[in-house]
Amino acid sequence: MKNKSAKVRRNDPCPCGSGLKYKKCCLQKESASPKSRNKLLYLQKHGIRLKETKDIDGIRKAGRLAIETLDMVEASIRVGMTTDDINTLVHDYTIKKGAKPAPLGYRGFPKSVCVSVNEVICHGTPGDRVLEEGDIVNVDVTPILNGYYADTNKTFFVGKSGPAAQKIVNVARECLKRGVTMVTPGNRIGDIGFAIQSFAEKEGCSVVREFVGHGVGFDFHEPPQVPHHGNHGEGIKLVPGMVFTIEPMINLGTKNLKILDDGWTAVTLDGALSAQFEQTVLVTEKGCESLTPFPLQ
Ligand code: MF3
Ligand code: CO
Ligand code: CO
22 MKNKSAKVRR NDPCPCGSGL KYKKCCLQKE SASPKSRNKL LYLQKHGIRL KETKDIDGIR
82 KAGRLAIETL DMVEASIRVG MTTDDINTLV HDYTIKKGAK PAPLGYRGFP KSVCVSVNEV
142 ICHGTPGDRV LEEGDIVNVD VTPILNGYYA DTNKTFFVGK SGPAAQKIVN VARECLKRGV
202 TMVTPGNRIG DIGFAIQSFA EKEGCSVVRE FVGHGVGFDF HEPPQVPHHG NHGEGIKLVP
262 GMVFTIEPMI NLGTKNLKIL DDGWTAVTLD GALSAQFEQT VLVTEKGCES LTPFPLQ
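Going by the numbering used here, the first residue of the sequence shown is number 22, and it counts up by one from there.
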């Protein structure tokens, strides 16, 4: 990410992107309220665009659609269906609801949803892989509704699951829960990763490092990055209006991965199971609101 900490002068274009001169825009607001001060500071210092009420409403609506989409997929999952069948379900549902699937064409991604089975960590490209009894399958959806993005995923069981599948899915869900619990103004990004990593490792599992949570809302991937490992008290301080994902990828064996020849599919290096859950969260004055809420028990 570019370092944008250089000082903005009165007659420069305003860094908020309004098109007005700085002196006619955020410079006036800077002294007004702590909110507008933070807005400019976070943009200049970290490239983070804090969200306003109307933006949050837009992301919340996209989030509701994302959750409906996951619910629809969950109700349809059957042994014998292919990952491409899930792509068709998600694509058609998204379009029917007046939204667009963000993955389609994103940096050349060929499909409308990521579908990641068993040893696939993330970015599984839908194709002719058939779901089998006992598999786990992660479905990661990101609709764009009225210009706003919400990003969420869950890992589902296919048919009857064995103990290893249950273990990794339960640990991954609890990791997301513990990460979300750290989201409150004044805490830091590192507190989230620390909470996730400590729990995952206590359970004998490992945390993927190569993929991280991210700012989201105006775009698919915005600053900041949100690692799922880290140290308590480190990183950017959370302030109201921040919207980002937490999406820990947790492995039963090694944390290391490789990318398949399609250039997307990330798999565990040892072939062991990997699971993930993701929500888009908002930092509020009081704490946190999930904009893609589902129970994390
Ligand atoms: N939804 C993924 C995430 O959580 C990103 C997928 S990028 C794609 O960040 F191109 F593979 F869709
Ligand atoms: Co994401
Ligand atoms: Co996602």
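Note that beta-carbon positions come from the ideal geometry of N, C-alpha and C, so glycine has one too.
Keep in mind the model is a prediction, meaning the values are calculated, not measured.
Per DSSP, cross-strand counterpart(s) of residue i
| i | result |
| --- | --- |
| His235 | Gln246 |
| Leu303 | Val264, Glu310 |
| Asp161 | Cys135, Asn174 |
| Asn272 | Ser227, Ser295 |
| Arg58 | Paired residues: none, contrary to the question. |
| Val179 | In the DSSP output, where bridge partners are listed per residue, Val179 has none listed. |
| Thr289 | Leu278 |
| Pro34 | Lys42 |
| Leu166 | Tyr169 |
| Cys143 | Ala287 |
| Val151 | Thr103 |
Coarse secondary structure for residue i, derived from DSSP in three states
| i | result |
| --- | --- |
| Met93 | helix |
| Arg99 | coil |
| Ile257 | coil |
| Lys121 | strand |
| Gly40 | coil |
| Ile69 | coil |
| Arg209 | strand |
| Lys28 | coil |
Buried versus exposed, by CB contacts within 10 Å (16 or more), residue i
| i | result |
| --- | --- |
| Arg31 | exposed |
| Lys132 | buried |
| Val344 | Because the chain in this structure spans residues 22 to 318, residue 344 falls outside the shown range and cannot be described. |
| Arg194 | buried |
| Ser39 | exposed |
| Leu278 | buried |
C-alpha gap between residue i and residue j, whole angstroms
| i | j | result |
| --- | --- | --- |
| Trp285 | Tyr114 | 24 Å |
| Ile157 | His250 | 24 Å |
| Ser311 | Thr301 | 6 Å |
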